[in-house]
Amino acid sequence: MSRRRTRPAAAALSAPEREARADASRSRAAIEAAIQRVFAPHLTGGQGARFVGAWRKTLRMLRPLGAVSQGNSVRVLTDGDEVFEAAWAAIAAAKTSVHLSTYILESDRVGERTLLELERAAERGCHVLLVLDAFGSHRVSAERLARVRRAGATVIAFNPIVRWRAPFSRLVRYHRKILVVDRRLAFCGGMNVAEEYAGARHGSGLFRDTQVALEGPCARDLAELIERDASGDGTLERRAPAAEAAPSGSLVQILESHVRRHRRAIQKALRVTLGRALERCYLSSPYFVPPARLKSALMHAARRGVDVRVLTAGRSDVPLVRLASQHLHGRLLRAGVRIFELEARVLHAKTVTVDGVYASVGSFNLDYWSDRRNLEVSVTALDRGAACALEQQFLRDLEGAREVRLEHWMQRSWPRRCAGWLAYQLFRL
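Following the working numbering from start to finish, the sequence shown increments by one per residue and tops out at 438.
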């Protein structure tokens, strides 16, 4: 006779285990509520029911990958001036806490204004935590950061460049870009803290980038992610309740990639959503050198008849990446993936939309650096409004882009082919 496995009684579980079980239960309930809300027009009828059923299974597969919350508001922002002005206003109005993480913090007008707002928040008594990458933010002087510390803020520089460290460990960089205020309002995306990401009022408008403004329980999840990064060992006891959820808000999941801690949730989520997409999938990534498993997922989706389009940089701030990217175009184009290179501006946005209902914005590039080395974050949402806004921006970007054609790709000169192969090998190291 086979013995039936029984789950341990709640009383026999430790406090963290009980919290984990409660989180899982809340996540399942949140997913089902979101399905009922987002897919309400499709709940009847054969084709609609199949669409809803497929997405219910997809969301259940995604659920274990990161913190899930419902009742959030999600707003897509593509104007750098609007992003920084909203961020500065939020910090100025902070009552209890400010968390900021970034790869690049420049010593320019945008960087200085941001540091000034952090100082003022700390002087008002707010808990201020700034985590920045030591290499990406190397132009900010130690004395300037010391002033922020003297105001009462905690400042942590990730992975300082020192001689005694192994060369490859120096390549692990902190690439996350997050701002959280009072654990209820957050911003996340591809924008660093520098004039190049702002518009004409505050900077040069060099980059075409995307950020999301979030309000609701997901802000706490982002704050705790920054706190785990700051703690060093990746552990953190939950210390504050989440912001109150809006009854009609969006389902949001926070995904991270941290290869040192064996966390690859962003990569897994990309493969799941590409593998289960039904109609279309639009991806923006300035650096497009996809690792083998992601490349296969893109190709398989296109072969199934999914409309897969990738927008990458035609004018790149890292020209070597473009050469490496072009080396891979042939196999992807033959599989039916459509590739576009933005030439009107320098692309820096990292976005994904699937079937017009699923949206993802973050710091993760479709390349080996994000996949294997950098610490990354993505905010994903089951939200028709956010997905529609991202799709509309994607289609507007295509108006200033050039589509890569297989026949043109095959006509590349031999020197360019060799240069592309060599660049690709370098990026695989």
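Quick reminder that beta carbons are idealized off the backbone N, C-alpha and C, glycines included.
Which of the three DSSP states, helix, strand or coil, is assigned to residue i?
{"i": "Leu-245", "result": "Low confidence applies here, because Leu-245 scores a pLDDT of 47, under 50, leaving its location unreliable; read the following figure in that light. Three-state result, Leu-245: coil."}
{"i": "Cys-427", "result": "helix"}
{"i": "Ala-116", "result": "Correcting the residue identity first, residue 116 is Ser in this sequence and not Ala. In this structure, Ser-116 counts as coil in the three-state DSSP scheme."}
{"i": "Glu-350", "result": "strand"}
{"i": "Cys-197", "result": "strand"}
{"i": "Val-366", "result": "coil"}
{"i": "Gln-420", "result": "coil"}
{"i": "Leu-141", "result": "strand"}
{"i": "Ser-34", "result": "helix"}
{"i": "Ala-166", "result": "strand"}
{"i": "Leu-341", "result": "helix"}
{"i": "His-211", "result": "coil"}
{"i": "Gln-401", "result": "helix"}
{"i": "Ser-106", "result": "strand"}
{"i": "Trp-57", "result": "Just to set this straight, residue 57 is Gly in the shown sequence, not Trp. Helix."}
{"i": "Ser-379", "result": "helix"}
{"i": "Leu-356", "result": "strand"}
{"i": "His-336", "result": "helix"}
{"i": "Leu-124", "result": "helix"}
{"i": "Val-361", "result": "strand"}
{"i": "Arg-133", "result": "coil"}
{"i": "Leu-329", "result": "helix"}
{"i": "Gly-323", "result": "coil"}
{"i": "Leu-22", "result": "coil"}
{"i": "Arg-217", "result": "strand"}
{"i": "Arg-27", "result": "helix"}
{"i": "Leu-86", "result": "strand"}
{"i": "Val-47", "result": "helix"}
Using only CA atoms, which one of the options lies nearest to residue i?
{"i": "Leu-458", "options": "Ala-390, Gly-145, Arg-270", "result": "Shown here, the chain extends from 10 to 438; a query on residue 458 therefore has no answer."}
{"i": "Leu-431", "options": "Arg-30, Glu-400, Arg-382, Leu-332", "result": "Leu-332"}
{"i": "Cys-135", "options": "Ile-100, Leu-283, Ala-410, Ala-310", "result": "Ile-100"}
{"i": "Gln-210", "options": "Phe-48, Gly-429, Arg-35, Asp-90", "result": "According to the sequence as given, residue 210 is Arg; it is not Gln. The residue with the shortest Cα to Cα distance from Arg-210 is Asp-90."}
{"i": "Leu-337", "options": "Ser-325, Pro-328, Pro-299", "result": "Pro-299"}
{"i": "Tyr-183", "options": "Ser-379, Gly-394, Asp-406", "result": "Ser-379"}
{"i": "Val-221", "options": "Thr-105, Gly-258, Val-85", "result": "Val-85"}
{"i": "Tyr-433", "options": "Leu-320, Ala-301, Val-386, Asp-326", "result": "Ala-301"}
{"i": "Leu-320", "options": "Asp-364, Tyr-377, Val-386, Gly-409", "result": "Gly-409"}
{"i": "Asp-364", "options": "Arg-217, Asp-392, Gly-323", "result": "Asp-392"}
{"i": "Ala-228", "options": "Arg-185, Asn-81, Glu-400, Leu-283", "result": "Asn-81"}
{"i": "Trp-97", "options": "Asn-168, Val-202, Arg-425, Leu-71", "result": "Val-202"}
{"i": "His-271", "options": "Ala-43, Ser-34, Glu-385", "result": "Glu-385"}
{"i": "Glu-126", "options": "Gly-161, Gly-199, Leu-71, Ala-33", "result": "Gly-161"}
{"i": "Ala-95", "options": "Ala-143, Phe-196, Arg-285, Phe-48", "result": "Phe-196"}
{"i": "Val-137", "options": "Ala-322, Thr-105, Arg-153, Met-70", "result": "Thr-105"}
{"i": "Gly-348", "options": "Arg-354, Gln-335, Arg-118, Ala-358", "result": "The sequence shown places Ile at residue 348, rather than the Gly named in the question. Ile-348 has its Cα closest to that of Gln-335, out of Arg-354, Gln-335, Arg-118, Ala-358."}
{"i": "Arg-69", "options": "Ala-43, Leu-154, Val-83", "result": "Ala-43"}
{"i": "Glu-205", "options": "Ser-240, Val-355, Gln-420, Thr-67", "result": "Val-355"}
{"i": "Ala-358", "options": "Gly-394, Arg-158, Thr-219", "result": "Thr-219"}
{"i": "Arg-217", "options": "Gly-57, Leu-283, Gly-429, Asp-326", "result": "Asp-326"}
So, using beta-carbon positions, are residue i and residue j closer together than 8 Å?
{"i": "Ala-130", "j": "Ala-166", "result": "no"}
{"i": "Thr-362", "j": "Ala-396", "result": "yes"}
{"i": "Arg-156", "j": "Ser-116", "result": "no"}
{"i": "Ser-110", "j": "Asp-238", "result": "yes"}
{"i": "Leu-4", "j": "Gln-79", "result": "An answer regarding residue 4 cannot be provided, because it is not within the stretch 10 to 438 covered by the chain."}
{"i": "Thr-389", "j": "Leu-264", "result": "yes"}
{"i": "Phe-436", "j": "Ser-293", "result": "no"}
{"i": "Trp-64", "j": "Val-366", "result": "yes"}
{"i": "Leu-342", "j": "Leu-407", "result": "no"}
{"i": "Leu-303", "j": "Gln-262", "result": "no"}
{"i": "Ile-235", "j": "Ile-187", "result": "yes"}
{"i": "Ser-372", "j": "Thr-360", "result": "no"}
{"i": "Val-77", "j": "Ala-31", "result": "no"}
{"i": "Arg-193", "j": "Glu-233", "result": "no"}
{"i": "Trp-423", "j": "Gly-339", "result": "no"}
{"i": "Ala-311", "j": "Gly-258", "result": "no"}
{"i": "Val-189", "j": "His-108", "result": "yes"}
{"i": "Leu-34", "j": "Arg-72", "result": "Sequence check: residue 34 is Ser here, not Leu. Not a contact, by the Cβ cut-off of 8 Å."}
{"i": "Asn-168", "j": "Ala-143", "result": "yes"}
{"i": "Glu-350", "j": "Gly-314", "result": "no"}
{"i": "Arg-411", "j": "Glu-352", "result": "yes"}
So residue i is in the beta strand (DSSP E); what residue range does that whole segment cover?
{"i": "Glu-412", "result": "410 to 412"}
{"i": "Leu-74", "result": "From DSSP, Leu-74 is part of no beta strand (DSSP E); its letter is neither H nor E."}
{"i": "Glu-224", "result": "220 to 224"}
{"i": "Ala-146", "result": "The residue you asked about is not Ala; residue 146 is Ser in the sequence shown. Careful: Ser-146 lies outside any beta strand (DSSP E) and carries neither H nor E."}
{"i": "Leu-188", "result": "187 to 190"}
Quick one: give me the first and last residue of the alpha helix (DSSP H) that residue i is part of.
{"i": "Val-92", "result": "89 to 101"}
{"i": "Val-157", "result": "151 to 159"}
{"i": "Leu-388", "result": "The sequence shown places Val at residue 388, rather than the Leu named in the question. Run containing Val-388: none in the alpha helix (DSSP H); it sits in the beta strand (DSSP E), 385 to 391."}
{"i": "Leu-441", "result": "This structure does not reach residue 441, given that the chain is present from 10 up to 438, and the question cannot be answered."}
Hey, is residue i close to the ligand FAD, as in C-beta under 7 Å from one of its heavy atoms?
{"i": "Ala-38", "result": "What this structure holds is no ligand at all, so the ligand FAD is not there to describe."}
At 3 residues or longer, and completely inside the segment 249 to 321: list those beta strand (DSSP E) runs for me, N to C.
-> Correct list: 259 to 267, 289 to 293.
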